[in-house]
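Student: Per the numbering used here, the sequence shown starts with residue 8, numbered consecutively.
No residue lacks a Cβ here, since even glycine has one placed at the ideal position from N, Cα and C.
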Amino acid sequence: MGTSLLAIASCSAVSIVETVRYTLPPVELERATHRIPYVLRISDFEVAPHLETEHLLTQFEDARIVVRSSEAWSAPLGSLVTNSILAGLLESERFRAVVDDHEAARAQLVLRGRVEDFEEWRDGGTRQAAVTVGFVLSGEDRGEILLQKRVEAKVPLQREDGATLVHGLHRALGDAFRIFLSSAEESAGAWSAPDR
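#1: Specify, as a first and last residue, the run of the alpha helix (DSSP H) that Ile92 falls within.
#2: Inspect the CB distances between the stretch 104-117 and the stretch 144-151 and report whether three or more fall short of 8 Å.
#3: In this structure, how does DSSP classify Glu151 when only helix, strand and coil are distinguished?
#4: Near Asn90, which residues of its chain fall below 6 Å by C-beta distance, leaving aside the five closest residues on each side in sequence?
#5: Among Glu110, Glu59, Gly196 and Val34, whose alpha-carbon lies nearest the alpha-carbon of Ser50?
#6: Using 10 angstroms around the beta-carbon of Arg166, count the other beta-carbons present and answer buried if the total reaches 16, otherwise exposed.
#7: Give a yes or no on whether the C-beta atoms belonging to Ala136 and Leu172 are separated by under 8 Å.
#8: Leaving out five residues on either side along the sequence, give the residues of the same chain with a beta carbon under 6 Å from the beta carbon of Val88.
#9: In chain order, what residues of the same chain have a beta carbon less than 7 Å from the beta carbon of Ala94, not counting five sequence neighbours either side?
#10: Can you check whether the CB of Trp80 is closer than 8 Å to the CB of Glu59?
#11: Counting only runs that start and end within the stretch 130-174, where is the beta strand (DSSP E) found for 3 or more residues in a row?
#12: Do Leu36 and Leu96 have their beta-carbon atoms positioned less than 8 Å apart in this structure?
#13: Drop a sphere of 10 angstroms on the beta-carbon of Asp69, count the other beta-carbons inside from all chains shown, and report buried for 16 or more, exposed for fewer.
#14: Does DSSP classify His62 as helix, strand or coil?
#15: Let me check one thing: in DSSP terms, what residues is Val74 bridge-paired to?
#16: By DSSP, does Ser108 sit in helix, in strand, or in coil?
#17: Here's the rule: buried if 16 or more other CB atoms are within 10 angstroms of the residue's CB, otherwise exposed. What is Gly131?
#18: For Glu126, list the residues DSSP reports as bridge partners.
#19: Does the Cβ-Cβ distance between Val54 and Gly85 come in under 8 Å?
#20: Pull up the CB-CB distance for Glu100 and Arg42, whole angstroms please, since I reckon it's below 8 Å.
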């Protein structure tokens, strides 16, 4: 009997699927012509419950969500989005300085966000990278809200592979953040930081 179990076990095929992991580069922003004279703190972005997975997702028009099991993020999605925006702002030099929650530097402004959609969207034969983010810009000391805006962006996808999807999601995130940033710069420029 032990020999027959060994024979059965040796005949079974084991398939190991390799998981490809992706990160997000900095959002692309034009270099500032003049800096906003405040330090901006970027708090870690939250994600909607369905995005609390390491895997890339596909959502269909009938509300089904499918996990792309062989394609995953290299870190929690909220951290990747936060770091992408932080790096883009640092490169563009839009503010006097940009820091994150882990730095002890004093800031006058705080940017918070909640990622509501960050997946492939399939509607019939149409495939898109869909991103929705709710952004909140506030004063750090008093917590007054300067701007709250929910922004959606979609980028058409030509292929079904993970690299194409991640590239599309990165572009859509950049589009959404640039829309928010144009309003945020106006709000921050008109705002006066409280005296310390």
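Tutor: Here's the rundown:
#1: The residue you call residue 92 lines up with position 85 of the sequence shown. Leu84 to Ser99 is the extent of the alpha helix (DSSP H) around Ile92.
#2: Yes, the stretch 104-117 touches the stretch 144-151.
#3: One-based indexing of the sequence shown puts residue 151 at position 144. In the structure shown, the three-state DSSP call for Glu151 is coil.
#4: Here residue 90 corresponds to residue number 83 of the sequence shown, with the count starting at 1. Cβ within range, chain order: n/a, list empty.
#5: As a first step, residue 50 is located in the sequence shown; it is residue number 43 there, counting from the start. For Ser50, the nearest C-alpha among the options comes from Glu110.
#6: Mapped onto the sequence shown, residue 166 falls at position 159. By the neighbour-count rule (16 or more Cβ atoms within 10 Å), Arg166 is not buried but exposed.
#7: Sequence index remark: in the sequence shown, residue 136 carries index 129 (1-based). Sequence index remark: in the sequence shown, residue 172 carries index 165 (1-based). Yes. Within cutoff.
#8: Within the sequence shown, residue 88 is the residue found at index 81, counting from 1. Within the same chain, and ignoring the five residues on either side of Val88 in sequence, the residues whose Cβ sits closer than 6 Å to its Cβ are Phe52 and Val122.
#9: Numbered from its first residue, the sequence shown carries residue 94 at position 87. Closer than 7 Å at the Cβ level, and outside the excluded window around Ala94, lie Pro33.
#10: Numbered from 1 along the sequence shown, position 52 holds the residue referred to as residue 59. Numbered from 1 along the sequence shown, position 73 holds the residue referred to as residue 80. Not a contact, by the Cβ cut-off of 8 Å.
#11: 133-146 and 152-163, all fully within the stretch 130-174.
#12: Counting from 1 along the sequence shown, the entry for residue 96 is found at position 89. Counting from 1 along the sequence shown, the entry for residue 36 is found at position 29. Taking 8 Å as the Cβ cut-off, Leu96 and Leu36 qualify as a contacting pair.
#13: Position 62 of the sequence shown, counting from 1, holds the residue named residue 69. Answer is exposed; the Cβ neighbour count stays below 16.
#14: Stepping through the sequence shown from its first residue, residue 62 is reached at position 55. If DSSP states are grouped into helix, strand and coil, His62 belongs with the strands.
#15: In the sequence shown, the residue the question calls residue 74 occupies position 67. As computed with DSSP, Val74 is found in a beta bridge with Leu64.
#16: Within the sequence shown, residue 108 is the residue found at index 101, counting from 1. The sequence shown places Asp at residue 108, rather than the Ser named in the question. In the structure shown, the three-state DSSP call for Asp108 is coil.
#17: Here residue 131 refers to the residue found at position 124 of the sequence shown. Label assigned to Gly131: exposed.
#18: Locating residue 126 in the sequence shown gives position 119, where the first residue counts as 1. According to DSSP, Glu126 bridges with Ala137.
#19: Taking the first residue of the sequence shown as 1, we reach residue 54 at position 47. Taking the first residue of the sequence shown as 1, we reach residue 85 at position 78. Yes. Within cutoff.
#20: Looking up residue 100 in the sequence shown gives position 93. Looking up residue 42 in the sequence shown gives position 35. About 6 Å separates the two Cβ atoms, so the contact holds.
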